[in-house]
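Residue numbers (UniProt numbering): 1 to 590.
Virtual Cβ for every residue (Gly too), placed ideally from N, Cα, C.
Following: one structure in structure tokens, then a few remarks.
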């Protein structure tokens, strides 16, 4: 079937069901960033393969609402599909809701799969459309139309050794129950896979790039039930869970258990719980809408996690050193494309003994493609790298134990004055953010301003956030903290691992981004209070060959020289003599 055929089939089913509009989100029942193949509904229906977007279908219009990251990709992939690209004005905003309210007549019905919509969004759709006298309904049309729809993954899962997690399940559960008591909640359902992975010290391979397991948990003051396909677990791990007081049930049994809850108060995270669960609760159940307490608990890395993260960064730095040495020595001599370069860096990472997979699809952009912040190279028609201009590589890996995310932009040959200036300005922004000292309680948007100030002075800005949290051998994008323009009510606390990644993007020309991961650590205490600062943990050299040093302050140059020397000292023991000599040249002081 073509995508136009699928669209026609959806419309026929809509008409049969008395539905005037159908919404297809880009999520799964766990509100994951990356989803199992079974839930790649947007790609099945339209051909669009981006990780974020929403399809809305009526009898006379079908559109994909997507943000600026996907404008070019969506325009290409939707060609001939019957869908039009609707460009979001504000990122992460469900602007299609207002559109539905304007386009549909009173008495219309809008349907979607309640499993695939968050509580927050499901309630927003219901309330907003009710003002137009439009009803909503649960309907899973994908299951009716999608022939040979992929089954749920059956990959094995494993319990991590608790010595490598730095905290036992018992201790984590105790902290969670303390938080639930503070919220006066007697029951808690967790759907978010990274939170479950951290709490139970369990990892798997059910979702691309994220080492998580499809499961749910229902936690009360005296019971813990974990819902998953327990055939995924070895007998020894099943026994371990039993010893820890964890009752195992089948993955799909969570729905019936939620429906049986009565006369209790349940804490549900509106952003991380499906709307379906909310609709299944008895009227006798009180709902507390709060962020899942595990989100904050897991964001504060303990001493063992920090030690292991540092080791992962060294493994990653060795791989990147070897990649950039290979790239420099072969550019212009053999054919290298964006795609082959992204595969090559993966090959170097795979040489590490503790490597456990890549943490996201590498963003490998050359020239104009680097101006697309979330660009993914095309395997079929790859762009060749030439010995000139800039190459941007944003990549990362999972290790036993730690997760990395790093961006480096390097010159492949002759560069323009504008490229050199942009490179220097981005480096300046990254250094100012990395070297920041700030009072305890400072939020991400305040640090975002410190970084962007370097670019704002030149009339330059970028459309993405400056930083996100990173998990411990977990999701590369982790909350609750972030560094960005929005006033997220979360402070940047000691133990948090966060990226700093400013950029400059000139469409049709080039893009520059430089990214390190930083650990928040305690600084000095003065008469004005307690101050925090960042420790940079990423270990990969920053190219200095095209820096326009007159645009950097002496303290910035000192920071850069100190950082590159630290990288050399940390990586040298794991490198060959030839590799160490090459890196020493790259890390020379400017």
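Under 8 Å Cβ to Cβ from residue 195, same chain only, skipping five residues before and after it: list those, please.
-> The residues are 272, 292, 294, 295 and 298.
For my contact list, residue 483 and residue 498 are in at a C-beta cut-off of 8 Å; report their separation, rounded to the angstrom.
-> Rounded, the Cβ-Cβ distance is 6 Å, consistent with contact.
Which partner residues of residue 394 appear in the DSSP bridge assignment?
-> Under DSSP, the beta-bridge partners assigned to residue 394 are 363 and 407.
Apply the 10 Å Cβ neighbour rule to residue 8 and answer buried if 16 or more other Cβ atoms are within range, or exposed otherwise.
-> By the C-beta density criterion, residue 8 is exposed, having fewer than 16 other C-beta atoms within 10 angstroms.
If you count every other CB in all the chains shown that lies within 10 Å of the CB of residue 465, and 16 or more means buried, which is it?
-> So residue 465 counts as buried.
Rounded to the nearest angstrom, how far is the Cβ of residue 20 from that of residue 120, given a contact under 8 Å?
-> At roughly 24 Å, the Cβ-Cβ gap does not stay under 8 Å, so residue 20 and residue 120 are not in contact.
For residue 65, which residues does DSSP report across the bridge?
-> Beta-bridge pairing by DSSP links residue 65 to 54 and 86.
Examine the Cβ distances between the stretch 212-219 and the stretch 130-147 and report whether three or more of them are shorter than 8 Å.
-> No, because fewer than three Cβ pairs between the stretch 212-219 and the stretch 130-147 fall closer than 8 Å, the two stretches do not touch.
Between the C-alpha atoms of residue 95 and residue 88, what's the straight-line distance to the nearest angstrom?
-> Rounded to whole angstroms, residue 95 to residue 88 spans 7 Å at the Cα level.
Integer Cβ distance of residue 34 from residue 276, believed to fall under 8 Å = At roughly 21 Å, the Cβ-Cβ gap does not stay under 8 Å, so residue 34 and residue 276 are not in contact.
What number of angstroms, rounded off, separates the C-alpha of residue 164 from the C-alpha of residue 419?
-> Distance from the CA of residue 164 to the CA of residue 419, rounded to the nearest whole angstrom, comes to 44 Å.
Decide if the stretch 472-481 is in contact with the stretch 451-462; the criterion is three or more beta carbon pairs, one per stretch, under 8 Å apart.
-> In short, these stretches do not touch, since the Cβ pair count stays below three.
Go through the stretch 158-221 residue by residue and report every complete run of the beta strand (DSSP E) that reaches 3 residues or more, in order.
-> Residue ranges of uninterrupted beta strand (DSSP E) with 3 or more members, entirely inside the stretch 158-221 and ordered along the chain, are 187-190 and 216-220.
Taking only heavy atoms of the ligand ZN into account, decide whether any of them is closer than 7 Å to the Cβ of residue 111.
-> What this structure holds is no ligand at all, so the ligand ZN is not there to describe.
Other residues of its chain near residue 205: CB distance less than 6 Å, five sequence neighbours each side excluded | Excluding positions up to five away in sequence, the list reads 155.
Starting from residue 279 and walking both ways along the alpha helix (DSSP H), at which residues does that stretch end?
-> Bounds of the alpha helix (DSSP H) holding residue 279 are 275-280.
Using three-state DSSP, classify residue 399 as helix, strand or coil.
-> Three-state result, residue 399: strand.
Express the C-alpha separation of residue 506 and residue 565 in angstroms, rounding to a whole number.
-> Using only the alpha carbons, I get a separation of about 32 Å.
Tell me whether residue 468 sits in a helix, a strand or coil according to DSSP, three-state version.
-> In the structure shown, residue 468 sits in a strand (DSSP, three-state: E or B).
Mind reading off the beta-carbon distance from residue 523 to residue 517? Whole number of angstroms is fine, and I expect it under 8 Å.
-> Not quite, the Cβ-Cβ distance comes to about 18 Å (not below 8 Å), so this is no contact.
Write down every uninterrupted run of the beta strand (DSSP E) in the stretch 297-364 whose length is 3 residues or greater and which is fully enclosed by it, in chain order.
-> Qualifying beta strand (DSSP E) stretches, in chain order: 355-358.
What residue from 510, 444 and 431 has the CA that sits closest to residue 422's CA?
-> Considering only alpha carbons, the answer is 510.
Can you give the Cα-Cα distance for residue 190 and residue 269, rounded to whole angstroms?
-> Approximately 8 Å between the Cα atoms of the pair.
Residue(s) in a DSSP beta bridge with residue 118 | Answer is 274, bridged to residue 118.
Quick one: is residue 351 buried, meaning 16 or more other Cβ sit within 10 Å of its Cβ, or exposed?
-> Under this definition residue 351 is an exposed residue.
For the alpha helix (DSSP H) that residue 42 lies in, which residues bound it at each end?
-> Residue 42 -> alpha helix (DSSP H) spans 41-46.
In three-state terms, what does DSSP make of residue 153?
-> Three-state result, residue 153: coil.
Run through DSSP, which three-state label would residue 447 get?
-> In this structure, residue 447 counts as helix in the three-state DSSP scheme.
Option in 310, 463, 328 and 220 with minimal Cα separation from residue 371 | For residue 371, the nearest C-alpha among the options comes from 463.
Give a yes or no on contact between the stretch 243-253 and the stretch 177-187, applying the rule of three or more CB pairs nearer than 8 Å.
-> Contact between the stretch 243-253 and the stretch 177-187 is absent: fewer than 3 CB-CB pairs across the two stretches fall below 8 Å.
Less than 8 Å between the CB atoms is what I'm expecting for residue 152 and residue 237, so what's the real figure, rounded?
-> That pair is no contact at about 19 Å.
Stretch-stretch touch, CB-based, cutoff 8 Å, three pairs: the stretch 232-246 with the stretch 65-75 | Under the three-pair Cβ rule at 8 Å, the stretch 232-246 does not count as touching the stretch 65-75.
Identify every residue that forms a DSSP beta bridge with residue 286.
-> Paired residue(s): 265.
Exposed unless 16 or more other CB atoms sit within 10 angstroms - verdict on residue 314 = Buried, since its Cβ has 16 or more Cβ neighbours within 10 Å.
In terms of alpha-carbon separation, which member of 534, 411 and 29 lies closest to residue 438?
-> Looking at the Cα atoms, 534 is the closest of the given residues.
Residue from 367, 368, 345 and 365 whose Cα sits closest to the Cα of residue 359 | Comparing alpha-carbon positions, the option among 367, 368, 345 and 365 lying closest to residue 359 turns out to be 345.
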